[in-house]
Amino acid sequence: MKQSTALDMLKTGQNVFLTGQAGAGKTYILNQYIDYLRARGIHVAITASTGIAATHMNGMTIHAWSGMGIKDSFEAGDFKRLKSRQVVYERIKDAKVLIVDEISMLHAKQVDLLNDILKSLREDNQAFGGVQVIFSGDFFQLPPVGKKGETNKEKFAFMAKAWLEANFQVCYLTEQHRQNSQDEAERFGLSLNDILNQIRRQEVTDAAISTLRATERNDIAMSRTRLYTHNANVDEINESEIAKIDGDAQEFHAITTGDKILIDSLKKSVRAPDVLSLKVGAKVMFVKNNPNLAVSNGTMGEVIDFTSLIDDESPLGSGAVGTYPVVRLNNGRQVIAEPEDWMMENNEGEVLASYTQVPLCLAWAITVHKSQGMTLDAAEIDLSRTFEMGQGYVALSRLRSLDGLKLLGFNKKSLLLDEWVFRVDKRLQEIAAEQEAKFASLDDETLMKIHNTFIEICDGITRKDIIMANEKRIAAHKLAIARREHIKENDIPAVHLGKPKKQAGETLQETRKLLEAGLDVGEISAERSLAVSTVINHIAQLHEMDGELDCDHIRTDDEKLQAVALAYEKLEAQGEFVDGVKLRPMVEMLGYDYNVVRLALIFIDKQAKDKGDDVSENKND
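Quick note: to get the numbering used here, add 7 to the position in the sequence shown (first position is 1).
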């Protein structure tokens, strides 16, 4: 199917499964459709099954968006609790279109749970609560992690009951749009994409194998990533590499709370080690999504410094100073990796076990499983010990070209695909061809009517002048982002790092300047490469120093302010804040993001001070 046909099919409002070979343009089509919807004022939710894939789409994980977390089933109380989480409830109610990228890594049980959540919160018994759902991905990727004893058949998304209920139209893209393929073929005889397609057809030639073996002689960049099939190989390489770096290591010890058995169970899902040993120069990977830092599970970088920060959430108490790694990401941006929490809760939301650690692991080498969703410029790959069908295809498809490949080990089994998945893919191609033939029978006028009907159903914009103005605005916004990223990657300004807290005055004033220039919290965060929580902490300190601080343009809306104020009063009356204000009880009570609560508290305090000043003035009068 051509890209143009797939895009026209998406515009009809039908549920769609978008698939195809590497380089066929799945991401391009999704971005085209997102722009189309936004120009018409239609709310689209952009998600993915993994953090790294979500980052590529400028979205969030489907687990966070839907509120399902790591669960694959809900009880009645879970739906009730989720409905009380205002942020989740509102975004599900507002969504007209839901995109889920890398669908191959979402378990069938979670697809069914997603269906149940949308039906429940939207109070609509249609498939996925009446939202247009677009699944995108490739089932030749490795299956999602499942429970012991589960077969691949039980895991893949298309085995969900909701998949049949949704009546997905299959758009199987067949065009090739990677521009380097022709050049590769001229130099190597075959391009990487040629080889990947041979694997997809299970018709791998001797020429393809010879081409792959020859890459062992490739001299690739020192910044390459090493992919192995087993954790033992990965750990051995990472420990060896960090030992080569001179200087003292900084150690970060995990903090756990709760039942020991539950903690042990929680640890199995956490890639951060109990004791994380880092040095300046260490190659690292984030192992938890953090939208505030714009990093995800799988984002890679290098430790360039360690810095001291006041940590209001520290188990050591409010005002404790913690030293944390400064990471330069592969795109040039610098972030501070502060500790994150992994939690296990019961149906009432009570925390039964928690694990707190700096969300990093060493990453000179990573597993093939962990590489899913990544795009790599250069990689050393060892496929000599493959143990699962499809591992070779996944590893090789991470790369852009053969120039970036150095294949260290290889066996023929590594290029085999799951026979059952292979047959499913063939059937998907047949279904796509049948549906495309029916779709082709529609004339342009009929198709336009269908497109406009869907826009109207979504309460979207149909006036051409407004649409054109929105398209210009979207294009200008994209250009601005591209320029900003170019500047960051090629002319990165000096950042004051590693300063003790007593020298923090300068960084506070930098935040003040941007705030007074009219930038909002997110813009300041992007401009300074700081976490949103850090920026809000700066504003709180500035407000404490200067009660006249001009920050009304970032004021939280009245509804949220009132809700946080009431929660604060209630929890204070219960004695929750005897040892200082704690954010977590308010977050759990309201279902708001931590940063929403942080920001609201500033303005609640500001209002209290303003009232106090008014009273004082009246007394003087």
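From the three backbone atoms N, C-alpha and C, an ideal C-beta is built for every residue, glycine too.
- Within the DSSP secondary-structure output, M350 pairs in a beta bridge with S361.
- Membership of K116 in the alpha helix (DSSP H) is indicated by the continuous run A115 to R129.
- Within the model, the alpha-carbon separation for I99 versus Q569 is close to 23 Å.
- Between V333 and N602, the alpha-carbon positions lie close to 21 Å from each other.
- By the Cβ criterion, the stretch 356 to 370 is in contact with the stretch 253 to 266, since at least three pairs of Cβ atoms, one from each stretch, lie closer than 8 Å.
- One alpha carbon belongs to S198, the other to D389, and they sit about 20 Å apart.
- Within a 10 Å sphere around the beta-carbon of K520 sit fewer than 16 other beta-carbons, which makes this residue exposed.
- The three-state reading of DSSP puts G58 in helix, counting H, G and I together.
- Shown here, M75 sits in coil according to DSSP, grouped into three states, outside any helix or strand.
- Contact between the stretch 246 to 254 and the stretch 429 to 439 is absent: fewer than three C-beta pairs spanning the two stretches fall below 8 Å.
- Taking 8 Å as the upper bound for CB-CB distance, I343 and L316 are in contact here, some 7 Å apart.
- Sequence-distant Cβ neighbours of S284 in its own chain, meaning closer than 6 Å and more than five residues away, are A256 and E258.
- One alpha carbon belongs to L113, the other to L549, and they sit about 44 Å apart.
- Each of Q117, R405 and V401 was checked against the Cα of D425, and the nearest Cα belongs to V401.
- Distance from T374 to Y235 at the Cβ level is roughly 6 Å; contact confirmed, criterion being Cβ atoms closer than 8 Å.
- Under the three-state reduction of DSSP, L537 is assigned to coil, being neither helix nor strand.
- In summary, W427 is exposed, with fewer than 16 beta-carbon neighbours lying within 10 Å of its beta-carbon over all protein chains present.
- Secondary structure of P332 (DSSP, three-state): strand.
- Taking the CA atoms as reference points, R335 sits about 13 Å from A370.
- With a threshold of 16 other beta carbon atoms within 10 Å, M396 meets it and is buried.
- Short of 7 Å from the beta carbon of K295, and not among the five residues preceding or following it, lie these beta carbons of its own chain, in chain order: N304, E347 and P366.
- Straight through space, the alpha carbons of L37 and T514 are spaced by roughly 39 Å.
- Contact between the stretch 78 to 93 and the stretch 131 to 138 is not established, with fewer than three Cβ pairs separated by less than 8 Å.
- Residue burial annotation: D472 is exposed, with fewer than 16 other C-beta atoms found within 10 angstroms of its C-beta.
- Look at Y35 here: in three-state DSSP terms it is helix.
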